[in-house]
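Peer 1: Counting from 1, position 105 in the sequence shown corresponds to residue 95 in this note's numbering; the numbering is continuous, with no gaps.
Before I ask anything, let me first share the structure, which is written out below as structure tokens.
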Amino acid sequence: MSNIKKEIESLRAKIARLEAEQKKAEVVNKALSNASSQIDKVLKDNGINFETYIRHNYKRVNRIIQKIAGQADKTKAKTKPSTKKRLARKGQRSSKTVASIKIPAGKYGNLPNNPDQVFEVKEKGPRPKLLKGYAEEVGLEAFMHQCRLD
């Protein structure tokens, strides 16, 4: 319930802020229309048309227009998506580094899952996966003591 009350209070504050902004905008619009009508009246009384007035104040007006155009360009540049995007490389998975056990050459047997089978490991070449898995599980010293036949 307290979250709902907090949300209601925040919405009331937001409504009050928006109403204040609306009142301020109305006052500004009223002042601008009043100033515009006064300028028109003064120009008409003196027999000057609006174009002459703008030409007289060209530098000031031009600076303001350029400033507005620059702000519009900045907002366009921020929202405009780039036409060519560079693709990011996907990260490649690397294999986990496992401390590999080097089983010395020789004959091995008495494995718990295959007690009758004898494996022969040569100096160079691959080691059987069953031997390597059991050696990693038990530890190299215990494996050598238990399974080495030579």
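We put the CB at the ideal spot given by N, CA and C, even for glycine.
Locate the alpha helix (DSSP H) running through valine 18, then write down its first and last residues.
Peer 2: Numbered from its first residue, the sequence shown carries residue 18 at position 28. Per DSSP, valine 18 belongs to the alpha helix (DSSP H) from -8 to 36.
Peer 1: With a threshold of 16 other CB atoms inside 10 Å of the CB of leucine 101, please say whether the residue is buried or exposed.
Peer 2: Numbered from 1 along the sequence shown, position 111 holds the residue referred to as residue 101. It is buried - the Cβ of leucine 101 has at least 16 other Cβ atoms within 10 Å.
Peer 1: Quick check: the Cα distance between isoleucine 91 and alanine 78, rounded to an integer number of angstroms?
Peer 2: As a first step, residue 91 must be located in the sequence shown, where it is residue number 101. As a first step, residue 78 must be located in the sequence shown, where it is residue number 88. Isoleucine 91 and alanine 78: Cα-Cα distance of roughly 38 angstroms.
Peer 1: Would you call the CB atoms of leucine 130 and glycine 99 closer than 9 angstroms?
Peer 2: By one-based count along the sequence shown, residue 130 stands at place 140. By one-based count along the sequence shown, residue 99 stands at place 109. Contact: no.
Peer 1: Tell me, to the nearest whole angstrom, how far the beta carbon of lysine 119 is from that of valine 108; I am working on the premise that it is less than 8 angstroms.
Peer 2: Within the sequence shown, numbered from 1, the residue matching residue 119 stands at position 129. Within the sequence shown, numbered from 1, the residue matching residue 108 stands at position 118. That pair is no contact at about 16 angstroms.
Peer 1: Since lysine 97 is in the beta strand (DSSP E), which residue starts that stretch and which ends it?
Peer 2: Here the question's residue 97 lines up with position 107 in the sequence shown. Segment 96 to 98, the beta strand (DSSP E) holding lysine 97.
Peer 1: Kindly identify the DSSP beta-bridge partner or partners of valine 111.
Peer 2: Position 121 of the sequence shown, counting from 1, holds the residue named residue 111. Note: valine 111 sits in a beta bridge opposite Gly96.
Peer 1: If you follow the alpha helix (DSSP H) that alanine 78 is part of, which residue opens it and which one closes it?
Peer 2: Counted from its first residue, the sequence shown places residue 78 at position 88. That residue, alanine 78, is in no alpha helix (DSSP H); it is neither H nor E in DSSP.
Peer 1: Which term fits alanine 25, buried or exposed, when burial requires 16 or more other beta carbons within 10 angstroms of its beta carbon?
Peer 2: Counted from its first residue, the sequence shown places residue 25 at position 35. That one is exposed.
Peer 1: For a test of the three-state rule: what should DSSP assign to arginine 138, helix, strand or coil?
Peer 2: In the sequence shown, the residue the question calls residue 138 occupies position 148. Three-state result, arginine 138: strand.
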